[in-house]
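Chemist: The numbers in the sequence shown follow my numbering, run straight up by one, and end at 275.
My questions will all concern the structure given below.
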Amino acid sequence: MDDTRRSHFRVPNMTQPIVAVNNTLKEKLARGEPVYSMTVRLVRTVDIASIAYAAGFDTIYIDLEHSSFPLEAAGQISIAAAALGVTPLVRVPSPDPHLIAKVLDAGAHGILVPAVQSAEDAHAIVRAVKHAPWGERSMAGPAPQLHYRSLPAVETVQALDESSLIVAMIESQAGLDAVEAIAAVDGIDIILVGASDLSGMLGVTGQVDHPLVHQAYLRVIAACKAHGKTVGIGGLGARADLIRRYLELGARFVSTGNDITFLSAAATQKRQQFA
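As structure tokens, this is what we get:
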């Protein structure tokens, strides 16, 4: 297992770096390394964090958009994953600042927001994630990301804001048309192409290898290169060939699939051994 997954993120511009926020995902991306994510939609217990760790995933993201996942379980899994060096993210169903604050207060180290359509959307998301003066997130006091230490407010805010990660998902023609402006927004870390939904919006539902989807990826890659952002690959878990193509073109964040499909595929394979 890569020892860098246990490295510590030091808060910059502090006279004494007093806390470590374990966001190894952000560190690996800063070094230009690819990272691989597992989506959690089914398993509600902390065991999934250990499974992700043992399987070698850099990060998990808990999907509150396409599941009935409870917030309490999302928080517990986030805390367990972070302790193992697996960066916990949460996909929220919308850019609701109250829900975003709740998942971060519960222990997530970042969020994914679906269907970001404009720079205005991106600015609103950043304001919801970051505290003043950068954003508008309310202070919650001792944080699970800092092991609930009672620290001066300024140190807590700086540590959380520096380590928190924001993924904006491009899943529509409107989002694609605005991707250059979205990529220019300070605070957005990753722009992830949601190929499944985007293919439908482009009129080629499910055809993730269609030239229109490929052109969309190329446009996002160019926008991210121009503004120093990371390109994320989504919706291509069944197409390792396409994932390799976009990694070669500069993408670095890979959403590989979710626990439901992993379990189903393994169960099907096992049963077929006895056919």
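By construction, the Cβ of each residue, glycine as well, lies at the ideal position given by its N, Cα and C atoms.
(1) Decide if ALA115 is buried, meaning its Cβ has at least 16 other Cβ atoms within 10 Å, or exposed.
(2) With respect to the beta strand (DSSP E) encompassing LEU192, which residues constitute its N-terminal and C-terminal limits?
(3) So is LEU218 buried or exposed if we call it buried at 16+ other beta carbons inside 10 Å?
(4) Closest by CA to PRO144, which one among LYS270, ALA266, ALA108, GLY232?
(5) Decide yes or no for the touch test of the segment 49 to 66 against the segment 76 to 86: beta carbon pairs closer than 8 Å, at least 3 of them.
(6) Report all residues from its chain with a CB closer than 8 Å to the CB of PHE69; omit the five preceding and five following residues, and keep chain order.
(7) Closest to ASP186 by CA distance: which of ALA267, THR261, GLY75, VAL126 is it?
(8) Thinking C-beta only, is VAL231 closer than 9 Å to VAL35?
(9) Can you give the Cα-Cα distance for MET139 and HIS131, rounded to whole angstroms?
(10) Classify GLY257 as helix, strand or coil using the three-state DSSP reduction.
(11) Which residues bound the alpha helix (DSSP H) around ASP177?
(12) Exposed or buried, ALA275, counting other C-beta atoms within 10 Å across all chains shown (16 or more means buried)?
(13) Would you check if there are 3 or more beta carbon pairs closer than 8 Å linking the segment 172 to 183 to the segment 192 to 212?
(14) Under the rule that 16 or more other beta-carbon atoms within 10 Å means buried, what is GLN269, buried or exposed?
Modeler: Here's the rundown:
(1) buried
(2) 190 to 194
(3) exposed
(4) ALA108
(5) yes
(6) VAL40, ARG41, ARG44, ILE62, ASP63
(7) VAL126
(8) no
(9) 7 Å
(10) strand
(11) 173 to 177
(12) exposed
(13) yes
(14) exposed
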